[in-house]
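Notes follow the structure.
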Amino acid sequence: MSRISVAELERLKSLDLVRLVASDGLVLKRIGKDLACACPFHEGDREPSLVVSPASNLFHCFGCGNAPPAQRVLATSQLPLKLWHSQFTVPTLADAILDRLVHNAELVELTGESMRKKGNKPATGEDKADPAN
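Numbering (this note's numbering), first residue to last: -8 to 124.
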């Protein structure tokens, strides 16, 4: 898998979204300190649903939910997800935290014997990570 260089990521972050949206032919209307237009990510907008914030250089569509990804969180646990809620003493707090953590999450559940129990040794030379990657 190819990776985007740090320099290219910084260049993309520095793009002026207002100019980028306008260059695509979309008409931006001022709404307070932000700008809004029809969303190019979905069809059928009657009202502007894509909001561009020049101050933060971010966008969000209130119609389809399209927005730049937020910071990612990687959470690991030996406790199955279905038992997480019971670990909190305050149910409301459990609901709030788990809603934010688990909503739209990519869940990966590992199965099989623990690598610690196996002695943490790969079965064959093919299982070792390629140092070139």
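Heads up, the beta-carbon is just placed ideally off N, CA and C, and yes, glycines get one too. What you are looking at is a predicted structure, and each value in this text was computed from that prediction instead of being measured.
**Request:** Within 10 angstroms of the Cβ of Ala29, are there 16 or more other Cβ atoms? Answer buried if so, exposed if not.
**Result:** buried
**Item:** Straight-line gap, Glu38 to Val12 (C-alpha atoms, nearest Å)
**Value:** 16 angstroms
**Request:** State whether the stretch 64 to 75 contacts the stretch 48 to 56, with contact taken as three or more CB pairs (one from each stretch) at a distance under 8 angstroms.
**Result:** Under the 8 angstroms Cβ criterion, the stretch 64 to 75 does not count as touching the stretch 48 to 56, having fewer than three qualifying pairs.
**Asked** For Ser47, which option in Ser(-4), Ser5, Ala87 and Leu98 has the closest C-alpha, if you only look at C-alpha atoms?
**Response** Closest by alpha carbon: Ser5.
**Item:** Collapsed DSSP secondary structure at Ser14 in the structure displayed
**Value:** helix
**Asked** Exposed or buried, Ser154, counting other C-beta atoms within 10 Å across all chains shown (16 or more means buried)?
**Response** Here the chain covers residues -8 to 124 and nothing more, so residue 154 does not appear.
**Message:** Can you give me the C-alpha to C-alpha distance between Leu92 and Leu84, rounded to a whole angstrom?
**Reply:** 12 angstroms
**Request:** Taking Pro45 and Val9 to be in contact with their CB atoms under 8 angstroms, please state how far apart those CB atoms are, rounded to whole angstroms.
**Result:** 5 angstroms
**Prompt:** With a Cβ-Cβ cutoff of 7 angstroms, do Val42 and Asp15 count as a contact?
**Reply:** no
**Request:** For my contact list, Leu98 and Leu74 are in at a C-beta cut-off of 8 angstroms; report their separation, rounded to the angstrom.
**Result:** Their Cβ separation, rounded to whole angstroms, is 14 angstroms, which puts Leu98 and Leu74 out of contact at 8 angstroms.
**Message:** According to DSSP, simplified to helix, strand and coil, what is Arg21?
**Reply:** strand
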